[in-house]
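Below is one structure; the comments refer to it alone.
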Amino acid sequence: DMTTPLTPKHAELLQALSKRRCEALRLWRPMPQQEPVLRSKAREVVILGGNQAGKTGLAAAMFAAFCTARPIYDCNGNPIQLRRPDQMNRSVVAWYVGFGERHLGQTQNRCLTRAGLFQMIQDEQTGLWRTFNPRDPKDIARANLAKPAPPLIPNKYVKPKGISWVNRAARVIERMSLHDPETGKDLADIYAFTSSGEVKQGDQVDLIWVDEQIQFSSHYPEWQARLINRDGRLIWSTLPYMDNSALIDV
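Residue numbers in the sequence shown follow this note's numbering, run continuously in steps of one, and reach 275 at the last position.
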């Protein structure tokens, strides 16, 4: 009954539903050629592409979905869960690795925690927000109505005092701990590392995302070793640099 005033509780629920519908992982859609990557069960995945091909965005979406235990949706809106069933009921450990601190902060952390990885627009028919399609003439004609999508990992998923920084100004984290904002359940501990210097040893990891070039190919076997006990997965998004022996081996 549209004449019945909303109670504060109902208004709160509607507001929460509206925000959830605008979550980046609910809106983001892969390109058709990217869907096989999302459905792959391979333990080591290399995403190759040229500049601005969307490889980093795809890897970031996969990483964020895994860490928040949320699905990604295919082109038809069908959910794809990145966690295995045995990973759904426990907190996971995930690393992202970049060439240096600048790459960690300006590229990988930005893709995960800052708005604007892609654009969104309200659908003309439903009025609901969806991904802006730069190939659709109808969307192009309304480009002025598009706006940056929210972060892949919204701030509400970060536990209170859940971030420790290596360099806060440059947005280089040491660790970021996530929880379910509705239940408080621990979801993930995320760590960031450069591919220079000494490789981190000893820890058992569920997921490692390596983006672009690495400094030392000898680090790759160590990353593989971190994944063994948890039957973990490694995702490497990169240009097809053929001067990297680790990439050639994979």
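Ideal Cβ placement from N, Cα and C applies to all residues, glycine included. The structure displayed is predicted, hence computed values, not measured ones.
Three-way DSSP call (helix, strand, coil) for residue i in this model
i, result
"tryptophan 53", "coil"
"isoleucine 273", "helix"
"lysine 181", "helix"
"proline 110", "helix"
"leucine 38", "Confidence is the limiting factor: at leucine 38 the pLDDT is only 38, short of 50, which leaves the residue's position unreliable, though a coordinate-based value still follows. It is helical."
Cβ-based neighbour list, residue i, same chain, cut-off 6 Å, excluding 5 preceding and 5 following
i, result
"arginine 45", "In this predicted model, arginine 45 has a pLDDT of only 49, less than 50, meaning its place in the structure is not dependable; the value taken from the coordinates is given anyway. Answer for arginine 45: no residue qualifies."
"leucine 73", "Pro265"
"glutamine 249", "none"
"lysine 80", "Ile72, Gly74 and Ser262"
"valine 235", "Val122 and Trp261"
Enclosing alpha helix (DSSP H) for residue i [first to last residue]
i, result
"leucine 129", "Unbroken run through leucine 129: none, as it is neither H nor E."
"alanine 85", "80–93"
"alanine 166", "162–166"
"arginine 64", "60–64"
"cysteine 100", "That residue, cysteine 100, is in no alpha helix (DSSP H); it is neither H nor E in DSSP."
"arginine 139", "No alpha helix (DSSP H) holds arginine 139; DSSP gives it neither H nor E."
Residue from the options with nearest C-alpha to residue i
i, options, result
"glutamate 48", "Ala67, Asp211, Leu153 and Pro57", "Leu153"
"valine 191", "Pro185, Lys184, Met201 and Val183", "Met201"
"alanine 86", "Ile165, Gln131, Trp53 and Ile198", "Trp53"
"phenylalanine 157", "Ser262, Pro55 and Ala119", "Pro55"
"serine 270", "Ser243, Ile253 and Leu259", "Ser243"
"phenylalanine 218", "Phe241, Asn254 and Asp274", "Phe241"
"alanine 119", "Glu237, Asp274, Lys225 and Val275", "Lys225"
"tyrosine 18", "Met113, Glu207, Ala89 and Ile273", "Given a span of 26 to 275 for the chain in the structure shown, any question on residue 18 remains unanswerable."
"leucine 83", "Glu60, Lys66 and Cys92", "Glu60"
"glutamate 199", "Ser189, Asp205, Arg193 and Thr208", "Ser189"
"threonine 263", "Val70, Ala166 and Lys66", "Val70"
"leucine 252", "Gly227, Ser220, Asp274 and Pro96", "Gly227"
"isoleucine 239", "Gly209, Ser221 and Pro179", "Ser221"
"aspartate 111", "Ile97, Asn103 and Phe91", "Phe91"
"methionine 145", "Pro96, Leu212, Val197 and Lys172", "Lys172"
"glutamate 237", "Arg167, Val122 and Pro96", "Val122"
"glycine 130", "Lys184, Arg115, Ala168 and Ala194", "Ala194"
"leucine 232", "Pro57, Arg68 and Gln58", "Arg68"
Segment limits, beta strand (DSSP E) that includes residue i
i, result
"arginine 155", "154–156"
"leucine 73", "69–73"
"tyrosine 121", "117–123"
"isoleucine 279", "Beyond the ends of the chain as shown, which are 26 and 275, falls residue 279; an answer cannot be given."
Own chain partners of residue i with C-beta closer than 8 Å, once the 5 adjacent residues on each side are dropped
i, result
"proline 176", "Ala49, Leu137, Thr138, Arg139, Ala140 and Leu142"
"glutamate 37", "Low confidence applies here, because glutamate 37 scores a pLDDT of 45, under 50, leaving its location unreliable; read the following figure in that light. There are no such residues."
"arginine 108", "Phe91, Ala94 and Val117"
"glutamine 147", "Leu153, Trp154, Arg155 and Leu170"
"tyrosine 245", "Ile239, Ala271, Asp274 and Val275"
"valine 197", "Glu126, Leu129, Gly130, Asn134, Trp190, Val191 and Ala217"
"lysine 163", "Glu149"
Beta-carbon contacts of residue i that lie in its chain and below 7 Å, excluding the five residues immediately before and after
i, result
"aspartate 256", "none"
"methionine 113", "Ala94"
"proline 206", "Lys181 and Tyr182"
"lysine 210", "His204"
"valine 62", "Val70, Ile72 and Leu83"
"arginine 64", "Ile105"
Proximity test, Cβ basis, 7 Å: residue i and chain C
i, result
"methionine 56", "In the displayed structure, chain C is absent; only one protein chain is listed."
Runs of beta strand (DSSP E) lying entirely within the segment 187–242, each at least 3 residues, in chain order: 197–204, 211–219 and 232–236
Ordered list of alpha helix (DSSP H) runs contained in the segment 242–270, each at least 4 residues: 244–252
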